[in-house]
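Just so it is clear: in the sequence shown, position 116 is 136 by our numbering, and no numbers are missing.
Heads up, the beta-carbon is just placed ideally off N, CA and C, and yes, glycines get one too.
This one's a predicted model, so the numbers in the text were calculated from it and none came from an experiment.
Read the structure below first, then the notes.
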Amino acid sequence: MTMRKIVVSRGHGGGFGLSEAGVLRMRQLGSIHALDATLIGEYWPSPSARRKRERHEYSKDSTDPGCPRDDSILIQVLEEDFDAHKGEGSWMEIVEIPLDVEWEIDDYDGAEWIAEKHRRW
Numbered sequence: 021m022t023m024r025k026i027v028v029s030r031g032h033g034g035g036f037g038l039s040e041a042g043v044l045r046m047r048q049l050g051s052i053h054a055l056d057a058t059l060i061g062e063y064w065p066s067p068s069a070r071r072k073r074e075r076h077e078y079s080k081d082s083t084d085p086g087c088p089r090d091d092s093i094l095i096q097v098l099e100e101d102f103d104a105h106k107g108e109g110s111w112m113e114i115v116e117i118p119l120d121v122e123w124e125i126d127d128y129d130g131a132e133w134i135a136e137k138h139r140r141w
């Protein structure tokens with residue numbers, strides 16, 4: 021049976037995100053989605069020493085690359101070096117489901133899971 025890989029967030033409040041190294045690796049591999057992601061250093065192109073210190077001490081190094089969770093480049097980057105490429109505070113997992121399943125990501129309080137699409141009223 022052919023399987024599809026999907027990235028989900030497993031942590032409450034941890035969210036989904038890649039490290040700067042993860043986004044840069046996606047760009048290296050040609051991801052158009054990662055080109056649209058704004059990294060902290062790009063947001064403040066000439067940050068003051070204070071801003072650099074605050075970023076290092078207080079902010080999370082985590083960026084959502086804005087791509088589908090089954091994106092082949094996203095999966096490749098996480099499989100290459102999961103710990104280096106996941107964002108700080110991100111608790112993610114790669115889940116495999118059958119290729120023919122229509123799926124969606126459901127969540128509660130930041131923890132996500134894969135669900136089959138069904139009709140809802």
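Check whether S29 and E132 have beta carbons under 8 Å apart: Here the question's residue 29 lines up with position 9 in the sequence shown. Here the question's residue 132 lines up with position 112 in the sequence shown. It is a contact, given that the beta carbons lie within the stated cut-off.
Reduced DSSP secondary structure (H/G/I, E/B, other) of A41: The sequence position of residue 41 within the sequence shown is 21, counting from 1. Residue state, collapsed to three classes: helix.
Backbone CA spacing between I134 and F102 [nearest angstrom]: Your numbering for residue 134 matches position 114 in the sequence shown. Your numbering for residue 102 matches position 82 in the sequence shown. Distance between the alpha carbons of I134 and F102 is about 20 Å.
Rounded straight-line distance, which links the Cα of G37 to that of E136: Looking up residue 136 in the sequence shown gives position 116. Looking up residue 37 in the sequence shown gives position 17. Roughly 23 Å separates the two Cα atoms.
Residue of I125, E108 and A104 minimising C-alpha distance to V115: As a first step, residue 115 is located in the sequence shown; it is residue number 95 there, counting from the start. When only C-alpha atoms are compared, the closest one is I125.
Three-state class that DSSP yields for D3 in the structure shown: Nothing can be reported for residue 3, as the shown portion of the chain is limited to 21 through 141.
Classification of A104 by the beta-carbon crowding that lies within 10 angstroms, buried from 16 upward: Stepping through the sequence shown from its first residue, residue 104 is reached at position 84. It counts as exposed.
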